[in-house]
Amino acid sequence: MSGGTGSNWLCDNARAGMELEVLPPAGRFTPERLEGDLVLFAGGSGITPLLSILKSVLFAGSGNVTLCYANRDEQSVIFAAELDELRARFAPRLSVVHWLESKRGLPDAAALRELVDHAPATECFACGPEPFMLAARTAMADRGLARDRIHLERFTSLSGNPFAGSDTLPHGDRARTALVEVELEGRTRELCWPQGARLLDVLRAAGLNAPSSCGEGVCAACECRVVAGEVRMVDNRVLEADDLEQGYMLACQAVPVTDVVRISYA
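Letter 122 of the sequence shown, counting from 1, is numbered 791 in my numbering, and no numbers are missing.
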C-alpha cells in the first residue's frame, strides 16, 4: 500500500520466525448480547466487521439478524456466496436485503427505513461510507430505536506514523502544566502534563506502555477514565454521550483543563 505504515514495515522488516508484540482484539463495535435481534447496515467493504457480528449471533446466540447490504452492482458484493449459504442455513433467523446502486441509485434514510421497517431490532450496527451510515442512523432513529442502541464503525486511514516522536516530550505550554496521576498496569505514576499536549504523548514520553493504536481518535484503543479533575478532547468520533458521562475519554485526544487530573486504565 503506497504510503502505508504497517504494510510497508511488514514487507521491509518481517521475517520468518520473528516475534512481534501485538495488541489483543479490542473495540466497542460489538453487540451487548447475542440473544438480541439486530439490524445491520453494510456499505461495500463495510460488510467486514458486520459479517463477524452476524455469524456470532447466528452460531453462538439465538437472536434474529436483518442485513441491509448496499453495493455498486452485483459483481461488487463481497462474501456473496457465504451470505447465500448462511441465509439458507439459518432461515428464517437471517434475512439479507441487497441494495444495488446500479439499479436503484444511492439509498437515503427513507429508503433504508422502508427496507427494514418491520425487522425486529434491539440494536443496530452500520459500517460503510459516512453518508450511508448517517442515513442508516436516521432511519433507525425515526423507527424509534434509542440513540445509544445505534452503533457506527468508521474506517479511517492514518495520516502518519502514530508512534513517530513518541520518545520525546510533546509540545505544549510548558510554563503551564497540570499534574496527572495515572493508574496503569497496577501501578500509579505522577507526571507533569503541559497545557495543550495530548495525554498519550505525555505517557509515551515518560516510557509508559499505554494502550493505543490509531492515535487519531477513531479506534478507542486508548480509552481510559477520568477519576478526578477535568480534561477536554480535541476530537471525538467514537465515544457516545453515555461514555462521556461516565468519565471515559481518549488519551490520544485529551488535553488538561484542571490543574490536577487522575486517570485510570483499570
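All residues carry an ideal CB built from backbone N, CA and C; glycine is no exception.
Boundaries of the alpha helix (DSSP H) around Arg-758: 749-759.
By alpha-carbon distance to Thr-857, the top candidate from Ala-790, Glu-799, Val-930 and Gly-886 is Val-930. Annotation: Gly-774 to Ala-815 spans about 28 Å, alpha carbon to alpha carbon. A residue is called buried once 16 or more other Cβ atoms fall within 10 Å of its Cβ, and Val-926, having fewer, is exposed.
The closest CA to that of Val-896, considering only Ser-882, Leu-913 and Thr-699, is found on Leu-913. Boundaries of the beta strand (DSSP E) harbouring Glu-792: 792-796, taken from the DSSP string.
Membership of Glu-914 in the alpha helix (DSSP H) is indicated by the continuous run 910-914. In the displayed model, Thr-699 falls within coil according to three-state DSSP, outside both helix and strand. Taking 9 Å as the cut-off, the beta carbon of Leu-868 is found closer than this to the beta carbon of Val-900. In the displayed model, Asn-733 falls within coil according to three-state DSSP, outside both helix and strand. Comparing alpha-carbon positions, the option among Asp-777, Glu-754, Glu-770 and Leu-769 lying closest to Leu-763 turns out to be Glu-754. Around the beta carbon of Ala-685, fewer than 16 other beta carbons sit within 10 angstroms, so the residue counts as exposed. Take the alpha-carbon of Met-809 and the one of Leu-719: they are about 17 Å apart. Taking a C-beta distance under 9 Å as the contact criterion, Ala-890 and Pro-880 qualify as a contact pair. Glu-909 and Lys-772 have their alpha carbons spaced roughly 35 Å apart.
If you look at Ser-764, you'll find it in the beta strand (DSSP E) that goes 763-769. Taking a contact as a CB-CB distance under 8 Å, the pair Val-726 and Leu-707 counts as one, their CB atoms being some 6 Å apart. Proximity to Glu-783 across Thr-735, Gly-713, Glu-690 and Arg-758 peaks at Thr-735, based on C-alpha coordinates. Residue state for Gly-713 is assigned as helix, using DSSP reduced to three classes.
The three-state reading of DSSP puts Val-930 in strand, counting E and B together.
Asp-811 places its beta carbon less than 9 Å from that of Ala-778.
The alpha carbon of Leu-860 has as its nearest neighbour, out of Leu-848, Leu-803 and Glu-799, the alpha carbon of Leu-848.
Per DSSP, Val-895 is not a residue of any alpha helix (DSSP H); the beta strand (DSSP E) it occupies stretches across 892-897.
In this structure, Arg-756 places its C-beta atom within 9 Å of the C-beta atom of Val-765.
A Cβ-Cβ contact shorter than 9 Å links Phe-748 with Ile-716.
Per DSSP, Met-902 lies in no alpha helix (DSSP H); the unbroken beta strand (DSSP E) holding it starts and ends at 900-902.
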